[in-house]
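Below is one structure, written out as structure tokens; comments come after it.
Residue numbers (the working numbering), protein chains in the order written: chain S, 1 to 497; chain B, 498 to 708.
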């Protein structure tokens, strides 16, 4: 527990917002709406009356001990509070990239940079959850070191929409400062001066807007127009180009990292994150789309879901109703990350503990299926996965139709996303997330956004290629496509085992 | 009556053809259309709503059940006596301006219909003025707004304000819902009701019209 003393400011202030302003990190996945119960603080003395939401998330004993939800507390005078230790700081960001699924193209030799060298560039992937930065030596073309960090904007909400919302409600400067601090922290670890070192930045459109302090007002409402997603410089940073508000520079970066624009064969790139971005194409043409998949494959909206942190269940097998699990770092299980979620659903299906409509066996319907001590998987969790996987699957199907190829016309399927560990092909196909026809073509690629940023850092002349690809790739709107809605319903059930 | 239970059962399974067939059979047996509607179709849809709320069945099953119900209701319509028609009340519903999500809204519409409401589907990206004008023109009892984004939620406040300015606030109830919406938000903007899920929305709507 960390103790914090807050001075009185003489004016009424929301406690969560006050902590955000002081750059004190507290998880708030719901963005401070009082519905997730995660921004827990304990008043050492003089606790205010508990809110209705607080009563829902704490036991009588906890309330008596001073536990409150920060987002439901209005503070005026001084206060002494305690914060739980943040395990979120341990989230492991993916840094490796493997275009062929085996070898890693980014080496991370532990060398410290010579700050005076003019040829060093910092390539950064700004993810909504995690950040990764590589120090690139342009003269040798080598990656000298890679570091990661949590994106501390998480204090303002887990997903991009809650960040947009915070920005639109007067917190744009705070959000910008938060990401600049994180970038500074990483560049110091790389031995570089954050003010002067050249940066190459790949992030989704919202992350890039927040960094540059651009308005997010038009991002969150139809027709979802971005302010600036061109290839351009901002301060000492090279911003990589994006396709649209939904399909950002992180995806364009991935397209180039897998050489989609130079491929003779048609390939597909799918990001299994909240926005389910996907691009299909070859050197001939490229088309992108995004689908509201939700965060289930990142462990979000799952009752015992966690990000890819040590102790997250990442592999599961179930035999005769008994689960055996593997966790990240072989630590005691604390919850499920995305791959654990996917594997659990597959194993439950295989053991006939859920049927093809997604209904759980009577024995587990009320309390969920136990995976490990304190970690269960509920029928509601199964429903979240059904929504997510059918959105992705229907999206892929419509995108292929729009592009004019069948499943067998796709040579390679690259899977990106922050779901913890490498996705298991057989299980992904088994739950119907991907079609059977993709068997043997699926390549988990890790952090392709960072890989693309590293490529541009090594060779600035590639800028034109990035811009060309971003401009050439069209976007098809899935939500307005009636075929999408039909397929979305069709794929909500599971395939027969 | 056995045939009405059969209708309810087939509706729950989403068997549209069977539902229509059994409705015809019930009519042929001389059962009043109003009774078939209430004790067959709507009774079946009630069970679907309850099971959906309890997570026992899922979106596609609700969808096929609703399709089966609508097909049955179509058949019964010409046979219904005045006052027997689907008449719990009239609702106009849409997803608010700037927001293109329609799955949740469609589910709620099905549940409203399952409780005997007549629903005007305004679609997605609906401006506050459209809600208000429809409520006036169609004499609606309830305006129902859906929003799936925190960025589009504030439009709901404009709908409440618009109803006040148009002078219809005392005639129409305003219901709001969608993943980011909370009871606090509902209180704050002065809407009449917020519910967590589609089934509860339909129950709440009945309560609001005092049926």
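Where is the CB? At the ideal position from N, CA and C, for every residue including glycine.
Roughly how many angstroms separate the alpha carbons of residue i and residue j, rounded to a whole number?
i	j	result
residue 531 (chain B)	residue 336 (chain S)	51 Å
residue 60 (chain S)	residue 665 (chain B)	45 Å
residue 700 (chain B)	residue 45 (chain S)	44 Å
residue 194 (chain S)	residue 35 (chain S)	37 Å
residue 8 (chain S)	residue 74 (chain S)	12 Å
residue 213 (chain S)	residue 223 (chain S)	21 Å
residue 446 (chain S)	residue 47 (chain S)	45 Å
residue 510 (chain B)	residue 555 (chain B)	12 Å
residue 603 (chain B)	residue 317 (chain S)	37 Å
residue 463 (chain S)	residue 663 (chain B)	55 Å
residue 486 (chain S)	residue 561 (chain B)	12 Å
residue 469 (chain S)	residue 236 (chain S)	24 Å
residue 66 (chain S)	residue 163 (chain S)	29 Å
residue 535 (chain S)	residue 25 (chain S)	Nothing about residue 535 (chain S) can be reported from this structure: the residues present for chain S run from 1 to 497 only.
residue 358 (chain S)	residue 208 (chain S)	38 Å
residue 53 (chain S)	residue 41 (chain S)	14 Å
residue 367 (chain S)	residue 381 (chain S)	12 Å
residue 551 (chain B)	residue 156 (chain S)	32 Å
From what residue to what residue does the alpha helix (DSSP H) around residue i run?
i	result
residue 482 (chain S)	482-490
residue 683 (chain B)	680-686
residue 392 (chain S)	379-403
residue 371 (chain S)	First-last for residue 371 (chain S): 369-372, but that is the beta strand (DSSP E), not the alpha helix (DSSP H).
residue 189 (chain S)	172-189
residue 519 (chain B)	513-525
residue 129 (chain S)	Counting along the chain, residue 129 (chain S) falls outside any alpha helix (DSSP H), and DSSP gives it neither H nor E.
residue 442 (chain S)	That residue, residue 442 (chain S), is in no alpha helix (DSSP H); its beta strand (DSSP E) goes 442-444.
residue 307 (chain S)	Unbroken run through residue 307 (chain S): none, as it is neither H nor E.
residue 205 (chain S)	205-212
residue 531 (chain B)	530-533
Using DSSP's beta-bridge definition, name the partner residues of residue i.
i	result
residue 322 (chain S)	S:319
residue 232 (chain S)	S:239
residue 703 (chain B)	Partner(s): none; residue 703 (chain B) has no beta bridge.
residue 475 (chain S)	S:288
residue 334 (chain S)	Answer is none; residue 334 (chain S) lacks a bridge partner.
residue 267 (chain S)	S:281, S:412
residue 653 (chain B)	Residue 653 (chain B) is not bridged to any residue.
residue 80 (chain S)	S:5
residue 75 (chain S)	S:13
residue 674 (chain B)	B:643
residue 500 (chain S)	Here chain S has residues from 1 to 497 only, and residue 500 (chain S) is not among them.
Which same chain residues, not among the five before or five after residue i, have their C-beta less than 7 Å away from its C-beta?
i	result
residue 710 (chain B)	For residue 710 (chain B) there is no data in the structure shown, the boundaries of chain B being 498 and 708.
residue 674 (chain B)	605, 643, 691, 692, 698
residue 437 (chain S)	407, 408
residue 38 (chain S)	27, 28, 29
Can you give me the Cβ contacts of residue i inside the same chain, cut-off strictly under 6 Å, excluding the 5 residues immediately before and after it?
i	result
residue 656 (chain B)	625, 628, 642
residue 230 (chain S)	241
residue 134 (chain S)	123, 143, 146, 454
residue 271 (chain S)	277, 416, 417
residue 2 (chain S)	83
residue 586 (chain B)	614, 638, 706
residue 534 (chain B)	573
residue 548 (chain B)	554
Which word fits residue i, buried or exposed, when buried means at least 16 other C-beta atoms lie within 10 angstroms of its C-beta?
i	result
residue 23 (chain S)	exposed
residue 94 (chain S)	buried
residue 599 (chain B)	buried
residue 196 (chain S)	exposed
residue 458 (chain S)	buried
residue 250 (chain S)	buried
residue 32 (chain S)	buried
residue 649 (chain B)	buried
residue 636 (chain B)	exposed
residue 498 (chain S)	Nothing about residue 498 (chain S) can be read from this structure; chain S reaches only from 1 to 497.
residue 497 (chain S)	exposed
residue 5 (chain S)	exposed
residue 610 (chain B)	buried
residue 187 (chain S)	buried
residue 688 (chain B)	buried
residue 702 (chain B)	buried
At what residues does the beta strand (DSSP E) containing residue i begin and finish?
i	result
residue 11 (chain S)	Careful: residue 11 (chain S) lies outside any beta strand (DSSP E) and carries neither H nor E.
residue 494 (chain S)	Residue 494 (chain S) -> no beta strand (DSSP E), and no H or E assigned at all.
residue 147 (chain S)	142-150
Excluding five sequence neighbours on each side, which residues of the same chain lie with their C-beta closer than 8 Å to the C-beta of residue i?
i	result
residue 106 (chain S)	At residue 106 (chain S) the pLDDT is 39, less than 50, meaning the model places this residue with poor confidence; the figure from the coordinates comes in the next sentence. Same-chain partners within the cutoff: 95, 96, 97, 134, 143, 146, 450, 451, 454.
residue 173 (chain S)	213
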